Every structure is written in structure tokens, then in C-alpha cells.
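In terms of the working numbering, the first sequence is residues 161 to 602.
Notes follow the structure.
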Amino acid sequence: MLDIKFIRENIEAIKQVAKDKKIDLDFDRLLAVDKERISLRQEVEQLQALKNDLNAMITKAEGDEERKEIIEKGKEIKTKIEIKEPQYKKIKEEFDALMVKVPNIVSADTPVGKSGEDNVEVGKFGKIPEFGFPIKDHIQLGKDLDILDLEKGAKVAGYRGYYVKNEGVSLMMAMMMYALNKMIEKGYAPMIPPTLVKGSALFGTGYFKGLEYDSEVDEVYQVASGDKEADGKSSKEKKFLVGTAEPSLLAYYSDEVLKEENLPLKVCGYSQCYRSEIGSYGKDTRGFYRVHEFMKVEQVVLMAADEEASIKMHDDMLAISKEIHDELGLPYRVLSICTADMSAGKFRAFDIEAWMPGLDRWGETGSASNFTDWQARRLNVKYVDKDGEKKHVYMLNNTVLPSPRPFIAILENFQQADGSVLIPEVLRKYMPGNMEKISPKK
RNA sequence: GGAGGGUUGGCUGAGUGGUCGAAAGCGCCGCACUCGAAAUGCGGUAAGGGAGCAAUCUCUUCGCAGGUUCAAAUCCUGCACCCUCCGCCA
Numbered sequence: 161m162l163d164i165k166f167i168r169e170n171i172e173a174i175k176q177v178a179k180d181k182k183i184d185l186d187f188d189r190l191l192a193v194d195k196e197r198i199s200l201r202q203e204v205e206q207l208q209a210l211k212n213d214l215n216a217m218i219t220k221a222e223g224d225e226e227r228k229e230i231i232e233k234g235k236e237i238k239t240k241i242e243i244k245e246p247q248y249k250k251i252k253e254e255f256d257a258l259m260v261k262v263p264n265i266v267s268a269d270t271p272v273g274k275s276g277e278d279n280v281e282v283g284k285f286g287k288i289p290e291f292g293f294p295i296k297d298h299i300q301l302g303k304d305l306d307i308l309d310l311e312k313g314a315k316v317a318g319y320r321g322y323y324v325k326n327e328g329v330s331l332m333m334a335m336m337m338y339a340l341n342k343m344i345e346k347g348y349a350p351m352i353p354p355t356l357v358k359g360s361a362l363f364g365t366g367y368f369k370g371l372e373y374d375s376e377v378d379e380v381y382q383v384a385s386g387d388k389e390a391d392g393k394s395s396k397e398k399k400f401l402v403g404t405a406e407p408s409l410l411a412y413y414s415d416e417v418l419k420e421e422n423l424p425l426k427v428c429g430y431s432q433c434y435r436s437e438i439g440s441y442g443k444d445t446r447g448f449y450r451v452h453e454f455m456k457v458e459q460v461v462l463m464a465a466d467e468e469a470s471i472k473m474h475d476d477m478l479a480i481s482k483e484i485h486d487e488l489g490l491p492y493r494v495l496s497i498c499t500a501d502m503s504a505g506k507f508r509a510f511d512i513e514a515w516m517p518g519l520d521r522w523g524e525t526g527s528a529s530n531f532t533d534w535q536a537r538r539l540n541v542k543y544v545d546k547d548g549e550k551k552h553v554y555m556l557n558n559t560v561l562p563s564p565r566p567f568i569a570i571l572e573n574f575q576q577a578d579g580s581v582l583i584p585e586v587l588r589k590y591m592p593g594n595m596e597k598i599s600p601k602k
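In C-alpha cells form, the structure reads like this:
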């Protein structure tokens, strides 16, 4: 969400951003509704002021006659308010619904593009391995090593379900522990956040495109039945499964006013993530690449409202992802995300993609985003600056390490001629017996 | 599954229909006293929105949403959340 004043003053620029982000929004209607909203509110407030005056007069009224007269007058005004107020509320609702769809502006270095094809590669790192033997993809490796069972996953969990087994479990948990410790060493406070949350956390971070959950467009699972509350009755409030720790970590601070000297706040979260993949029918239907649930370590930062500093912070966060890919020994590239591939709230975004030899392509293993104050307005998170002024914080987030895709990259990049897979050195200390490789079962 | 208590300003907490945006204390800010500080004394101090250069004026808000009433922190209904006890369970 943006400030309405900012929208009024920069309407042409915002119209252009919306076009670039492929967001269809009637800005002329928004401005018209804004005007009407203001005039109706003023009318209502004037009537309320009048009513308040009369109420105060009643207590001082002398005699029943005077009282009666004032009460009559008050009723008259109340009737007027009862006509105007619903008009105001209706226009306010329309205003709010339009406001939440207004996209954030983008950074000067964000490429303008028509689709994901126009994302710009800004760096390529590591060496794509050359194999002197016929290679397998992660599906085959998972089977041969007996560490990944997609058939049983589909049997029990349905489409995109999976079981990780045996050394695969150790490897995956080692990845998570490595990522978590890395972040703690970098000064991020670790959290295990809730993954079953109220709608407000998802609205506030922009995972609902409108004011309410819309199962047609929002890639989020809603839990069908309410849970039992302390009084034994079923909760009527809807609950959702988060697709990343980001909403839970950021909503932790919702409705709070932070102190500037405590900023930036750096937090990382380990959580299970659930994605309905509603917009990706038929995409990546095979394998472990696109699944409905996985584990992930995520990082978020809340900082003072300073665009330049936020760009630097964003780069620093991305640098952590690069360091992790370097340390894992995965070849990767970094993409600057173009407008068309960017969600409404983002100011600047990068994806990191690891090379996956078995799939013979790059695969997204992380995404770093700077939302400036777009999320903070929705979540109502502010801070008091040095001059005592309240401002919305800037919020940034970045993938530290998700469980499935780097797992694929590790299997496919580090497979050996004998069918085994070498464990990246940095992970070995988290493996049972400091295991160095996973060997085929037969 | 059962029984009860609660949600008020930065915090503690009083307030059961108008004099309440709200006592008192703590905290914080200013001033006095002091060489300085502590202690003490005096004064100020909720948030959000709107109009105005400003002084200031004004609207909304006592968990949230409705309702009753000329008038609601206070009465009624629904919802959310927190807590205590018993039972069951990981």
C-alpha cells in the first residue's frame, strides 16, 4: 500500500509502474473515489460536531421544554447522519479495495520487461560441472540412493507429494541447520514462527492481492475447518497456511512503533512452507522441483526508511545467498527481476538460480526482495526517527535456503560415476558420523 | 469435554449512562532547588485523521463488529484474544 498523498502527487509515474507490472487498475476511478471520500467525510464530521454540541447542551438544559427541543433537533441531525454515513462507508470500501491494489514504485535499476523472459542476468558464479559419464536427474538419483520417494508421496499426499528418506533426511536437515547457523552467525535472531496464521498476516505482507482471500488468485491454502479454541468452541476466524516464514516474521511487528536505535531488526525463521501452486498448472509436473510443502530458512529485515540504505541492505542480503551457494559449491546465477515478473508490492528484486545438471537448466533457489514501506503500511509497522517523527519502516526479505531445490542441485551436481553423491563439505559436520557421501543401495 | 475471570493511555490500574479521552501511581519531558546529580516541589505528557503559515479548531478511537439511547468505556448481542481450574491428549 502506498500513501494516498504520494499517489495523488505521482499519479502518472504510478500509472506507468502499474502498466509495467501488468496490473490493471482504474486510477481515474481511484482519484474520483478519493475526492468523494473526502467530501463525504467532511459532511459527516460536520454533522457529528453539531450532534456533539447538542448532546453537551442537553446536560445544561433548564426545564423539560428546552430539553425536548434539543432532543428533537438532535434526532433531526441523527437522521441526516444515518443517510450520509452509509454513503461514506460505501465509498470508503471502494477506496480501500482500490488502494490495496496500487503497486509500489520500482527502483531505478529495475529492468522494465514484458515477462519473466526479460529478467536480466547480472552475474554468473561457480563452475558448471562436466561429467565423464551419463548423468542422472534427481528423480533417478533419489530412487537409486533410496532417499526420495515420489510415488509413495503421490499415493499418500496426492499430486506433488513426496517422502524424503534415510540419508536424504540427514542431508536435508543438515542443509537447514547449516542455513540457520549461518544466519545466526550473521547476527540474525532465529525464530520458529507459526505457519498456521490468520488472514491479516498474509494480507499485510501482500499475499492476498485484494482485501480478502481469493482462492482464484491467491496461492495460499485456507484450512477448511476452524480449530478449537480454549472455550471448546470452534473458531470462526479463517486460518491459512503460510507459503514462507516471511508473513509470520513480519506480522510479529504489526501495529507496533519501533525505536530507530533498535533498527535494523534482523530476523530469520525456520518453517514449513505450503504453496497451493494455483497459478502453475502443468508446470514442472515431474520430480521434486515444484512441491506443495517444504522447509525453508528465511530472512527478513525491518529498517529505517532510507531508500539508498535499503538498496545496500538488499544487496547485503543477496550476498548471504551467494555466499551460501558458493559454500555449497553450487553453480548459480543472479537475475535482476523485471517489472512484469515482480509482484505489486516490490520495489526491487533478485532471484538466485542454481544450475541443475539433471534437469539441464537453471532453477530458482532463492529470491531477495525490497518492499520499502509497502508492506509496513499494510501491517502498520512504524518507527520513531531522531526528530520524533513517525514513519513506516522498510521491509526486506530473502530466501536463505529452501529444502527441495538446493537438494536437487546437490544431488545432480555432486553425483559421481559410481552413482554416489558427495555431500558438500560445509554440511558434513551436520551429517551423522560426518558422512561424506551417499551411496546407492544396490 | 466442563467451570470461571478478564481485555481501559508507554506501563500498573480506577472508572456501571451525560460533568470521561478517561482518576491515581509509575515512566517520560520541562522548570525550580543544587557546583552537578539524586531526592523533593511545580507544570506538561494517548493515538489516528481532517482544516490552517501558525496559534488553534475539529472528527474518530476504552479488544473488534453490531444494537439500545437525545447521549455508551459503562447496558445488550455476536466475534476475537488472554488467563485460572478440572478432565483428556501430544
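Don't be surprised by glycine CBs; every beta carbon is placed ideally from N, CA and C.
This one's a predicted model, so the numbers in the text were calculated from it and none came from an experiment.
Secondary structure at residue 499: helix, using DSSP grouped into helix, strand and coil. With respect to residue 358, residue 397 sits close: the two C-beta atoms are nearer than 9 Å. It is roughly 35 Å from the alpha-carbon of residue 310 to the alpha-carbon of residue 346. Measuring C-alpha to C-alpha distances from residue 548 to each of 291, 315, 325 and 418 identifies 418 as the nearest.
Secondary structure note for residue 427: its beta strand (DSSP E) is the uninterrupted segment 425-434. Between the region 366-381 and the region 249-266 there are three or more inter-stretch CB-CB distances shorter than 8 Å, so the stretches are counted as touching.
Around the beta-carbon of residue 299, 16 or more other beta-carbon atoms lie within 10 Å, marking it buried. Here DSSP, grouped into helix, strand and coil, assigns residue 574 to coil.
Counting the other Cβ atoms within 10 Å of the Cβ of residue 350 gives fewer than 16, which makes it exposed. Residue 508 is classed as buried because its beta carbon has at least 16 other beta carbons within 10 Å across all chains shown.
In this structure, 543 is the residue among 543, 447 and 177 with its C-alpha nearest to the C-alpha of residue 464. If you check the CB distance, residue 559 and residue 440 do not come in under 9 Å. The beta carbons of residue 348 and residue 426 sit about 5 Å from each other, so the pair counts as a contact at 8 Å. Considering only 201, 557 and 571, the residue with the shortest C-alpha distance to residue 246 is 201.
Under the rule that a run must span 4 or more residues, the alpha helix (DSSP H) segments found entirely inside the region 166-247 read 171-180 and 187-220. Following the DSSP letters along the chain, one finds residue 341 inside the alpha helix (DSSP H) bounded by residues 327-345. Boundaries around residue 523 are those of the beta strand (DSSP E), 521-530, since no alpha helix (DSSP H) includes it. Around the beta carbon of residue 459, 16 or more other beta carbons sit within 10 angstroms, so the residue counts as buried. Separation of the CB atoms of residue 581 and residue 338 is rounded to 16 Å, and the pair is thereby denied contact status at 8 Å. With a cutoff of 9 Å on beta-carbon distance, residue 248 and residue 451 are scored as not near each other.
Leaving aside the five residues that flank residue 478 on each side, the residues in its chain whose CB is nearer than 6 Å to its CB run, in chain order, 510 and 528.
Fully enclosed beta strand (DSSP E) runs of no fewer than 3 residues occupy 453-463 of the region 441-483, in order along the chain.
Residue burial is scored here from C-beta neighbours: residue 265 has at least 16 other C-beta atoms within 10 angstroms and is therefore classed as buried. Here residue 461 really is in contact with residue 556; their C-beta atoms are around 5 Å apart, less than 8 Å. Within the model, the alpha-carbon separation for residue 234 versus residue 356 is close to 48 Å. A check of alpha carbon separations from residue 271 across 447, 195 and 181 identifies 181 as the nearest.
As a beta-bridge residue in DSSP terms, residue 562 pairs with 456. Residue 431 is positioned such that its CB atom lies closer than 9 Å to that of residue 408.
A straight-line Cα-Cα distance of about 9 Å links residue 503 and residue 366.
Here DSSP, grouped into helix, strand and coil, assigns residue 259 to helix. Judged by DSSP in its simplified three-state form, residue 350 adopts strand.
According to DSSP, residue pairing for residue 552 in a beta bridge involves 542.
Using a 10 angstroms sphere on the CB of residue 596, the tally of other CB atoms stays under 16, which defines it as exposed.
An exposed status is given to residue 446, since fewer than 16 other beta-carbon atoms sit within 10 Å of its beta-carbon.
Around the C-beta of residue 404, 16 or more other C-beta atoms lie within 10 Å, and the residue is accordingly described as buried. With fewer than 16 other beta carbons inside 10 angstroms of its own, residue 383 counts as exposed.
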